[in-house]
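Novice: Residues 5 to 343, numbered by the numbering used here, are exactly what the sequence shown covers, in order.
In this text, a Cβ means the ideal position worked out from N, Cα and C, and glycines have one as well.
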Amino acid sequence: MGKWNIKSVNNRCIASLVCVLGSANALADKVDDCILEGVKSATSESSLVTLKENCERLRASEVEVPARFIDEKNTEYNPFVITPHRQNYILAYSYMDEPNQEPYQQNVYPGVADPMKNEEVKLQLSLKVPLTYSKLFTENDAIYFGFTLKSFWQLYNPDLSAPFRETNYRPEIYYEALFPYRPWNGTLLTRFGIEHESNGRSQWLSRSWNRVYAGVGFAQNNWGVYLQPWYRIPEDSKVDDGDPSTPPPPKGDDNPDIEDFLGHYELHGVYSHKDVEFTGITRYNFEEGNGAIKLGMSFPLWGRLKGYVQYYNGYGESLIDYNYQVERIGVGILLTDVL
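1) If you follow the beta strand (DSSP E) that Glu-321 is part of, which residue opens it and which one closes it?
2) Tell me the residue span of the alpha helix (DSSP H) that contains Phe-149.
3) Tell me the rounded alpha-carbon separation between Glu-272 and Val-229.
4) Can you check DSSP and say which residues form a bridge with Pro-304?
5) Residue range of the beta strand (DSSP E) that Ala-181 falls in?
6) Assign Asp-325 to buried or exposed, taking buried as 16 or more other Cβ atoms, counted over all protein chains shown, within 10 Å of its Cβ.
7) Whole angstroms is fine: what's the gap from Thr-194's alpha carbon to Tyr-179's?
8) Give the straight-line distance between the Cα atoms of Thr-3 and Gln-91, rounded to the nearest whole angstrom.
9) Secondary structure at Arg-72, three-state DSSP: helix, strand or coil?
10) For a quick check, are the C-beta atoms of Tyr-269 and Leu-231 less than 8 Å apart?
11) Provide the residue span of the alpha helix (DSSP H) that contains Tyr-108, from first to last.
12) Indicate whether Leu-131 and Thr-87 have their beta-carbon atoms separated by less than 8 Å.
13) Less than 8 Å between the beta carbons of Tyr-93 and Leu-323, yes or no?
14) Identify, in the order they occur along the chain, each residue of the same chain with its Cβ nearer than 7 Å to the Cβ of Gly-348, setting aside the five sequence neighbours on each side.
15) If you follow the alpha helix (DSSP H) that Asp-264 is in, where does it begin and where does it stop?
16) Which two residues bound the contiguous beta strand (DSSP E) that contains His-89?
17) Pick helix, strand or coil for Lys-132, following the three-state DSSP scheme.
18) Using only alpha-carbon positions, find the residue among Leu-164, Pro-252, Ser-241 that is nearest to Ser-206.
19) Relative to the C-alpha of Lys-255, which candidate in Ser-212, Pro-304, Phe-183, Lys-310 has its C-alpha closest?
20) Where do the N-terminal and C-terminal ends of the beta strand (DSSP E) with Val-220 fall, by residue?
21) Mapping DSSP to helix, strand and coil, what is Leu-329?
22) For Thr-283, collect the residues of the same chain with a Cβ closer than 6 Å to its Cβ; drop the 5 residues on either side in sequence, then sort them by chain order.
23) Return the residue from the list Leu-153, Ser-155, Ser-138, Lys-154 that minimises the CA-CA distance to Ile-4.
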C-alpha cells in the first residue's frame, strides 16, 4: 500500500478504510476512534499509512501505549492544533503561606509592609513544535522546540493594582525518541535537550540559568514515570562594587547557588484511574538537604475542561523564590494533562 495523501483521497475511500478496520474482529473500538480523529485533523502532509500505523499500535493488548503519544503524532502537521508540552492550567485561587516579601520590599515597593498577599492566581502555558518531520535515528523520533510560561498574578491585591508578581520563561530544544522495543508491556522514551529559564527582570530581581539534560521515562496506558537529571552550564561571576545601594551589574551569574536549592534532577510520576489523574514532581539536593514536591489531582468537569487541585512545598516554585521555601495549595481548571 503506497503512502496516499489524505487530501487526495475521496471521502468514499476514507470511509471504506475506516469501515474495513472497524469490522475486523482483531481491532478494538479505540483504534476506530483514533483513525476517525486522525482523519478529521489531517493536513496535506498527512499519510494514511502513518495514521494507520500509529493507531494500530493500540490494538496489541499486551503493549499499553498511552493514547497521548499517538494523538500528538496524528496532529503534529495540523497548523490549527497547538501541541501541549507540560500541563496547561489556571489555578484561579491559590493560597501561599508566608509569601517572600524581601525582593519587593527593598526594590519595588520600598516602605510598604508586606506588599504581596497570600492569595494569588497561578497559571502555566506550555507548548511544543516539531522541528523535524522524518526519521532521524529511529521511528517516530524528532527534535522539538518547547516553551513553558509560568506566572503568579496578585489578582486579589487591588492596593497594588493587582500586578503579576513573577513570570518565568522556559524555552528549550530537545530530541525525543520512543525506544523500538517495549519492555514490561509499556513504552520507553528518552529526551536530550538544552534549556534556558529566566524571569525577564533586571538587576536586583533578575534570575536565570541554563542547563542541559538527559531524561528517561516509562509509561503504560494509565501510569508513567520520568527521571530527568541535568547539568547547569556555568556562568561568570558578577563583578560587584560592594555598595548595596547600587544595582548589581547586568552581566554575570544572578543566582550562583541555585543548584543548592533546586538540586540536579526532577522525578515525575503520573497515575490515571477512571478519568481522575494524579501527578507528582520532586527535586532534591542530597548535599544541602533542600528540595521540593508538587502534587496534583485532576478530574472531569465539562467538555475538555478538568478541575485541578495542586499542592506545592519546597524551593524553586518560581525563580524569584528559588532560595525561599514556599507552601501553596490552589484550585482551578486544567486544559491538558500528562496522559
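Specialist: Taking the coordinates as given:
1) Element bounds for Glu-321: n/a, residue is neither H nor E.
2) Note, Phe-149: premise wrong, no alpha helix (DSSP H); beta strand (DSSP E) at 146-157.
3) Here residue 272 turns out to be His, not Glu, going by the sequence shown. Rounded to the nearest angstrom, the two C-alpha atoms are 6 Å apart.
4) Lys-310
5) 168-182
6) buried
7) 8 Å
8) Missing from the structure shown is residue 3; the chain here goes from 5 to 343 and no further.
9) helix
10) yes
11) 106-111
12) yes
13) no
14) Outside the displayed span of the chain (5 to 343) sits residue 348, for which this structure offers no information.
15) 262-266
16) Note, His-89: premise wrong, no beta strand (DSSP E); not H, not E.
17) strand
18) Pro-252
19) Ser-212
20) 212-223
21) Correcting the residue identity first, residue 329 is Gln in this sequence and not Leu. Correct three-state label for Gln-329: coil.
22) Val-274, Gly-300, Val-342
23) Coverage of the chain is limited to positions 5 through 343, which leaves residue 4 absent and any answer about it impossible.
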